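**Student:** Note that the sequence shown covers residues 81 to 264 in our numbering. All C-beta atoms, glycine included, are put in the ideal place defined by N, C-alpha and C. Remember, it's a predicted structure, so these values are computed and weren't measured experimentally.
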Amino acid sequence: MDHLQKLLRAAHFAAEMHSGQNRKGGKREPYINHPLEVANLVANIGLVNDIDILMAALLHDTVEDCGVEAAEFTSKFGTRTCGIALEVTDDKDLPKKRRRDLQVEHAPHLSHGAKSEKLAYKISNCHELMDNAPTNWDTKRLSDYIQWGCYVVRGLGEANEPLEPIFDKVVARAEAKFNSRFVF
Numbered sequence: 081m082d083h084l085q086k087l088l089r090a091a092h093f094a095a096e097m098h099s100g101q102n103r104k105g106g107k108r109e110p111y112i113n114h115p116l117e118v119a120n121l122v123a124n125i126g127l128v129n130d131i132d133i134l135m136a137a138l139l140h141d142t143v144e145d146c147g148v149e150a151a152e153f154t155s156k157f158g159t160r161t162c163g164i165a166l167e168v169t170d171d172k173d174l175p176k177k178r179r180r181d182l183q184v185e186h187a188p189h190l191s192h193g194a195k196s197e198k199l200a201y202k203i204s205n206c207h208e209l210m211d212n213a214p215t216n217w218d219t220k221r222l223s224d225y226i227q228w229g230c231y232v233v234r235g236l237g238e239a240n241e242p243l244e245p246i247f248d249k250v251v252a253r254a255e256a257k258f259n260s261r262f263v264f
């Protein structure tokens with residue numbers, strides 16, 4: 081199977097798994113838009129052409145949000161793709177604060193591919209909050225999320241040079257919108 085076929089198979093699987101799910105934003109966009117945006121950022125701005133990293137970007141939330149077991153993931157997409165995706169997967173059995181703390185703690189130790197994926201993931205989520213925030217999130221909650229995203233990204237170190245200024249631009253927009261300064 082060639083790379084394009086693998087990538088399309090991963091996109092199709094992600095679409096099936098996220099069927100019926102929506103983003104939290106006020107527009108309630110289909111959830112699949114998020115993994116597609118992450119993969120697009122990694123490939124077309126981050127200039128990553130490693131098929132396992134791109135498939136992991138498409139599939140990163142299937143374990144966390146759709147209940148796909150690691151064994152099924154591995155059998156369908158391989159050990160390396162699964163490993164990269166699992167590096168950025170939260171354990172939903174843990175309290176939210178602990179999951180967030182672990183993202184900050186684990187960021188410096190991620191593989192290069194997982195760092196690119198995590199950076200694109202944060203760009204996507206922060207961009208979504210700036211343009212399509214959940215209606216029940218107040219300014220403090222939005223600011224807190226952006227600040228936490230800054231801590232995670234800081235921990236990534238030099239994750240992906242072309243993606244880094246994109247995150248910086250999202251943060252600059254947030255600073256202007258919320259009239260506050262975010263710490264990196």
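Does the separation of the CB atoms of ASP132 and GLY158 fall below 8 Å?
**Tutor:** Along the sequence shown, read from residue 1 onward, the residue named residue 132 stands at position 52. Along the sequence shown, read from residue 1 onward, the residue named residue 158 stands at position 78. In this structure, GLY158 lies closer than 8 Å to ASP132 by Cβ.
**Student:** CB-CB under 6 Å to LEU139, same chain, minus the five flanking residues each way: which ones, in chain order?
**Tutor:** The residue given as residue 139 occupies position 59 in the sequence shown. ALA90, ALA94 and ALA165.
**Student:** Can you tell me the Cα-Cα spacing of ILE246 and GLU109, whole angstroms?
**Tutor:** Taking the first residue of the sequence shown as position 1, residue 246 is located at position 166. Taking the first residue of the sequence shown as position 1, residue 109 is located at position 29. Going from the Cα of ILE246 to the Cα of GLU109 covers about 22 Å.
**Student:** GLY229 and VAL184 look like a contact to me (Cβ under 8 Å); what is the Cβ gap, rounded to whole Å?
**Tutor:** Here the question's residue 229 lines up with position 149 in the sequence shown. Here the question's residue 184 lines up with position 104 in the sequence shown. About 10 Å; that fails the 8 Å criterion.
**Student:** What's the gap between the Cα of LEU134 and the Cα of ASP218?
**Tutor:** Residue 134 sits at position 54 when you count from the first residue of the sequence shown. Residue 218 sits at position 138 when you count from the first residue of the sequence shown. Answer to the nearest angstrom: the Cα atoms are 34 Å apart.
**Student:** What do you reckon, are the CB atoms on ASP181 and GLU144 nearer than 8 Å?
**Tutor:** Here residue 181 corresponds to residue number 101 of the sequence shown, with the count starting at 1. Here residue 144 corresponds to residue number 64 of the sequence shown, with the count starting at 1. No, the Cβ-Cβ distance between ASP181 and GLU144 is not below 8 Å.
**Student:** Out of GLY163, ILE203, GLU167 and ALA136, state which residue places its alpha-carbon closest to the alpha-carbon of LEU121.
**Tutor:** Indexing the sequence shown from 1 puts residue 121 at position 41. Taking only the C-alpha atoms, the option nearest LEU121 is ILE203.
**Student:** Are at least three pairs of beta-carbons, each pair with one atom in the stretch 251–258 and one in the stretch 196–212, less than 8 Å apart?
**Tutor:** At 8 Å Cβ cutoff, the stretches touch.
**Student:** Report the residue ranges of all alpha helix (DSSP H) runs contained in full by the stretch 179–235; include only those spanning at least 4 residues, in chain order.
**Tutor:** The qualifying runs are 192–211.
**Student:** Relative to the alpha-carbon of TYR225, which residue among GLU241, ASN205 and ASN240 has its alpha-carbon at the smallest distance?
**Tutor:** Walking along the sequence shown from the start, residue 225 turns up at place 145. When each option's Cα is compared against that of TYR225, the closest is ASN205.
**Student:** Between which two residues does the alpha helix (DSSP H) holding HIS83 run?
**Tutor:** Translated into positions along the sequence shown, residue 83 becomes position 3. That run of the alpha helix (DSSP H) goes 83–97.
**Student:** Using the beta-carbon count (16 or more within 10 Å), is HIS83 buried or exposed?
**Tutor:** Your numbering for residue 83 matches position 3 in the sequence shown. Exposed: under 16 other Cβ atoms inside 10 Å.
**Student:** Kindly indicate which three-state DSSP category PRO115 falls into: helix, strand or coil?
**Tutor:** Taking the sequence shown and counting its residues from 1, one reaches residue 115 at position 35. Note: PRO115 maps to helix in three-state DSSP.
**Student:** Mind pulling the beta strand (DSSP E) runs of 3 or more residues that sit fully within the stretch 114–179?
**Tutor:** Entirely contained in the stretch 114–179, not one beta strand (DSSP E) run reaches 3 residues.
**Student:** Restricting to Cα atoms, I'd like to know which of LYS172, ALA200, THR215 and GLY237 is closest to VAL128.
**Tutor:** Position 48 of the sequence shown, counted from the start, is the residue given in the question as residue 128. For the residues LYS172, ALA200, THR215 and GLY237, the minimum Cα distance to VAL128 belongs to ALA200.
**Student:** Judging by CA-CA distance, which residue of GLU241, TYR231, LYS220 and ASN240 is the nearest neighbour of SER260?
**Tutor:** Taking the first residue of the sequence shown as position 1, residue 260 is located at position 180. Nearest option by C-alpha distance: LYS220.
**Student:** Alpha carbon to alpha carbon, how far is ARG178 from MET81?
**Tutor:** The residue labelled residue 178 in the question sits at position 98 within the sequence shown. The residue labelled residue 81 in the question sits at position 1 within the sequence shown. For ARG178 and MET81, the distance between alpha carbons rounds to 40 Å.
**Student:** Would PRO188 be called buried (16 or more neighbouring beta carbons within 10 Å of its own) or exposed?
**Tutor:** The count along the sequence shown starts at 1 and reaches residue 188 at position 108. Exposed: under 16 other Cβ atoms inside 10 Å.
**Student:** In angstroms with no decimal places, state the Cα-to-Cα distance between VAL168 and LYS198.
**Tutor:** The residue given as residue 168 occupies position 88 in the sequence shown. The residue given as residue 198 occupies position 118 in the sequence shown. If you take the alpha carbons of VAL168 and LYS198, they lie about 7 Å apart.
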